[in-house]
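Colleague:
Numbering (our numbering), first residue to last: 3 to 504.
1. What's the gap between the Cα of residue 161 and the Cα of residue 38?
2. By Cβ distance, which residues of its chain are closer than 6 Å to residue 130, with the 5 residues on each side in sequence left out?
3. For residue 222, which of 449, 464, 435, 376 has the nearest alpha-carbon?
4. Counting only runs of 3+ residues fully inside the stretch 195-280, write out the beta strand (DSSP E) ranges in chain order.
5. So the candidates are 205, 201, 200; which of them puts its Cα closest to the Cα of residue 193?
6. Mapping DSSP to helix, strand and coil, what is residue 82?
7. Can you pull the DSSP bridge partners for residue 472?
8. Would you call the CB atoms of residue 362 and residue 259 closer than 7 Å?
9. In the DSSP assignment, find the alpha helix (DSSP H) that holds residue 364 and state where it starts and stops.
10. Give every residue of the same chain whose Cβ lies closer than 6 Å to the Cβ of residue 277, excluding the five residues on either side of it in the sequence, and list them in chain order.
11. Nearest chain C C-beta to residue 77 closer than 7 Å, yes or no?
12. Using three-state DSSP, classify residue 175 as helix, strand or coil.
13. Spell out a yes or no on whether the stretch 439-450 and the stretch 397-404 are touching, meaning 3 or more CB-CB pairs, one atom from each, closer than 8 Å.
14. Apart from the five residues just before and just after residue 56, which ones in its own chain have a Cβ nearer than 7 Å to its Cβ?
15. Can you look up residue 478 in the DSSP assignment and give me helix, strand or coil?
16. What's the call for residue 450, buried or exposed, on a 16-neighbour Cβ count within 10 Å?
17. Quick one: Cα of residue 330 to Cα of residue 77, how far?
18. Can you have a look at residue 377 and say buried or exposed, based on whether 16 or more other CB atoms are within 10 angstroms of its CB?
19. Exposed or buried, residue 103, counting other C-beta atoms within 10 Å across all chains shown (16 or more means buried)?
20. DSSP on residue 485, reduced to helix/strand/coil?
21. Given a cut-off of 7 Å on the beta-carbon distance, is the pair residue 297 and residue 290 in contact?
22. By DSSP, does residue 400 sit in helix, in strand, or in coil?
23. Alpha carbon to alpha carbon, what distance is there between residue 469 and residue 188?
24. Using only CA atoms, which one of 70, 125, 66, 107 lies nearest to residue 89?
25. From residue 463 to residue 491, what does the alpha carbon distance come to, in whole angstroms?
26. Mapping the DSSP letters down to three states, classify residue 500 as helix, strand or coil.
27. Taking DSSP as the reference, what is the three-state secondary structure of residue 283?
28. For residue 408, count neighbouring C-beta atoms within 10 Å of its own C-beta (all shown protein chains included) and say buried if the count is 16 or more, exposed if not.
29. Would you mind stating whether residue 34 and residue 182 have Cβ atoms separated by less than 7 Å?
30. Are there three or more Cβ pairs, one per stretch, closer than 8 Å when the stretch 198-216 is compared with the stretch 327-346?
31. Distance, Cα to Cα, residue 352 vs residue 301?
32. How long is the line joining the alpha carbons of residue 471 and residue 456, rounded to whole angstroms?
33. Indicate whether residue 253 and residue 332 have their beta-carbon atoms separated by less than 7 Å.
34. Let me check understanding here. Comparing Cα to Cα, which of 484, 283, 322 lies closest to residue 295?
35. Closest to residue 372 by CA distance: which of 393, 266, 119, 288 is it?
36. In the DSSP assignment, find the beta strand (DSSP E) that holds residue 433 and state where it starts and stops.
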């Protein structure tokens with residue numbers, strides 16, 4: 003007799019949750035985390051110094067502003083500290099600024115500084131606004147943004163207006179401040195492990211690199227540049243990564259509450275041959291991604307006591323030949339799958355697998371726990387392991403973080419430029435690794451496109467305008483991995499990674 007794990011009560015709960023997700027997705031600003039409180043202070047003997055409408059910088063209204071002003075000749079400074087709702091690690095902060103006296107410039111802002119804090123403790127990143135962090139507006143030259151990539155935990159950013167030789171007679175306007183996850187860099191939401199597969203199996207978060215039974219096959223032009231794939235000579239191999247236990251969590255805690263995120267592309271199924279697949283198996287879970295379906299089961303690392311013969315495992319259709327984003331979420335023993343930020347369902351039914359009825363299998367989880375990835379004519383990129391069940395909002399934000407305009411581009415109000423990663427539009431960089439010369443190939447018009455190169459911290463280190471389909475990386479840049487962003491005349495944006503060897 004088959005055991006059906008779906009109940010009418012459970013189905014009704016899922017319908018309610020799906021409705022909530024629909025409402026959540028209606029608010030694009032939810033992808034940005036705006037400041038929620040502030041404090042300010044004026045230092046020095048300056049009766050005419052002012053900070054007006056300080057509360058206008060809070061929230062998602064990007065047109066209201068606070069205004070700082072120091073008259074000529076005064077010796078003073080004004081500080082406004084903008085505070086986010088929670089502490090965040092490894093994110094980019096965007097601060098909207100402006101002036102009432104003509105175009106912004108680095109020279110005009112020579113008395114303006116920014117600094118981040120975790121509580122009252124400085125991250126020691128105080129800096130005067132400069133060309134590297136100031137992005138000027140196109141449609142409105144009196145407005146711009148200050149963009150910071152913060153590598154330490156923070157919950158606030160301080161803007162300081164100092165008196166100086168050059169003076170903002172029209173005052174410094176601060177419109178808003180928010181942070182937002184940025185895909186292809188450091189993942190948001192405090193990951194436990196992160197594998198970018200950029201030429202290695204290393205984990206920069208906790209140092210737990212993955213092990214491969216065979217030499218891993220690194221391939222270019224994946225979702226974030228380089229990732230893992232297979233070849234005709236090596237069609238299948240497996241990776242194993244130990245899952246670290248921190249903050250007092252046990253193996254059982256993590257086995258029943260975790261999230262695994264990755265990008266994957268599966269080769270088409272060939273007549274008469276076994277189907278290609280990518281299997282990701284965090285502890286007790288197993289998700290198999292096939293050309294035509296998704297399947298949930300108990301990990302092959304554990305015996306299932308014949309449950310595969312009498313239990314209805316999760317199954318859902320999955321038709322795609324492109325790179326797609328998948329996330330396995332196990333919340334209190336219930337396995338679910340999200341694809342491109344949306345919960346996967348099978349028609350009117352749910353796609354899930356509940357471990358809770360199988361206590362005997364849960365009890366098999368020992369002290370050492372791991373994540374197994376098996377590629378069989380498949381590709382994978384950006385594997386992220388969390389020791390918690392991400393919320394629906396976090397899952398959507400994680401997916402969206404790979405699809406927003408990145409630093410280095412001045413934006414036009416009303417025009418949204420998102421990273422295009424569909425495989426029917428191809429932009430390839432070669433050779434990769436390179437010794438300095440980069441060739442661009444693809445089926446898009448790259449004439450007069452702009453190229454921006456950033457380091458791993460998100461800091462722009464070079465930009466140029468294409469006059470041909472190749473360009474040279476400056477000789478002063480050291481060897482290492484860089485992000486290349488290509489912006490076409492039609493406002494299309496393509497993100498790639500490249501490794502520089504001299």
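Glycine included, every Cβ here is placed at the ideal spot set by N, Cα and C.
Note that the structure is a prediction, hence the values are computed from the model and not measured.
Modeller: Reading it off the structure:
1. Numbered from its first residue, the chain shown carries residue 161 at position 159. Numbered from its first residue, the chain shown carries residue 38 at position 36. Their Cα atoms are separated by approximately 16 Å.
2. For the purposes of this step, residue 130 is taken as residue 128 along the chain shown, with counting starting at 1. If we look at residue 130 and ignore the five residues flanking it on each side, its Cβ neighbours are 115.
3. Reading the chain shown from its first residue, position 220 is the one you call residue 222. Ranking the options by Cα distance to residue 222, first place goes to 435.
4. 195-197, 219-224, 227-231, 238-244, 259-268
5. Residue 193 sits at position 191 when you count from the first residue of the chain shown. Considering only alpha carbons, the answer is 205.
6. Residue numbering aside, residue 82 sits at position 80 when the chain shown is read from its first letter. Strand at residue 82.
7. Locating residue 472 in the chain shown gives position 470, counting from the first residue. BP columns for residue 472 point to 441.
8. As a working note, residue 362 is residue 360 in the chain shown. As a working note, residue 259 is residue 257 in the chain shown. Their beta carbons are not under 7 Å apart, which means residue 362 does not touch residue 259 by this criterion.
9. By one-based count along the chain shown, residue 364 stands at place 362. Residues 361-364.
10. Position 275 of the chain shown, counted from the start, is the residue given in the question as residue 277. Here the set comprises 271, 292.
11. Of the protein chains in the structure, only one exists, and it is not chain C.
12. Residue numbering aside, residue 175 sits at position 173 when the chain shown is read from its first letter. Of the three classes helix, strand and coil, the one that applies to residue 175 here is strand, per DSSP.
13. no
14. Locating residue 56 in the chain shown gives position 54, counting from the first residue. The answer, listed in chain order, is 40, 42, 68, 82.
15. The sequence position of residue 478 within the chain shown is 476, counting from 1. Coil, per DSSP.
16. On the chain shown, residue 450 is found 448 positions in, with the first residue counted as 1. Residue 450 should be labelled exposed.
17. The residue you call residue 330 lines up with position 328 of the chain shown. The residue you call residue 77 lines up with position 75 of the chain shown. Taking the straight line from one Cα to the other gives about 57 Å.
18. Walking along the chain shown from the start, residue 377 turns up at place 375. Buried.
19. Here the question's residue 103 lines up with position 101 in the chain shown. Exposed.
20. One-based indexing of the chain shown puts residue 485 at position 483. Three-state DSSP puts residue 485 in a strand.
21. Taking the first residue of the chain shown as 1, we reach residue 297 at position 295. Taking the first residue of the chain shown as 1, we reach residue 290 at position 288. For residue 297 and residue 290, yes; Cβs fall inside 7 Å.
22. What you label residue 400 is simply residue 398 of the chain shown in a count that begins at 1. Helix at residue 400.
23. Looking up residue 188 in the chain shown gives position 186. Looking up residue 469 in the chain shown gives position 467. Spanning the two alpha carbons is a distance of roughly 32 Å.
24. One-based indexing of the chain shown puts residue 89 at position 87. Nearest of 70, 125, 66, 107 to residue 89, Cα basis: 125.
25. Within the chain shown, the letter at position 461 stands for residue 463. Within the chain shown, the letter at position 489 stands for residue 491. Distance between the alpha carbons of residue 463 and residue 491: 22 Å.
26. Within the chain shown, residue 500 is the residue found at index 498, counting from 1. Strand.
27. Along the chain shown, read from residue 1 onward, the residue named residue 283 stands at position 281. Looking at residue 283 - three-state DSSP - the assignment turns out to be strand.
28. Residue mapping note: residue 408 aligns to position 406 of the chain shown, counting from 1. Low local confidence applies: a pLDDT of 38 at residue 408 is under 50, so the model's placement there is unreliable, with the coordinate-based value given in what follows. Classification of residue 408: buried, given that the 10 Å Cβ count is 16 or more.
29. For this step, residue 34 is matched to residue 32 along the chain shown. For this step, residue 182 is matched to residue 180 along the chain shown. Yes, the Cβ-Cβ distance between residue 34 and residue 182 is below 7 Å.
30. no
31. Counted from its first residue, the chain shown places residue 352 at position 350. Counted from its first residue, the chain shown places residue 301 at position 299. When rounded, the distance between both Cα atoms is 20 Å.
32. Translated into positions along the chain shown, residue 471 becomes position 469. Translated into positions along the chain shown, residue 456 becomes position 454. Their Cα atoms are separated by approximately 19 Å.
33. For the purposes of this step, residue 253 is identified with residue 251 of the chain shown, where counting begins at 1. For the purposes of this step, residue 332 is identified with residue 330 of the chain shown, where counting begins at 1. No, the pair does not count as a contact, with Cβ atoms beyond the cut-off.
34. Within the chain shown, numbered from 1, the residue matching residue 295 stands at position 293. That would be 322, whose Cα lies nearest to the Cα of residue 295.
35. Here residue 372 is taken as the residue at index 370 of the chain shown, counted from 1. Checking every option, the nearest Cα to that of residue 372 belongs to 288.
36. Counted from its first residue, the chain shown places residue 433 at position 431. Segment: none, residue 433 is in no beta strand (DSSP E) and carries neither H nor E.
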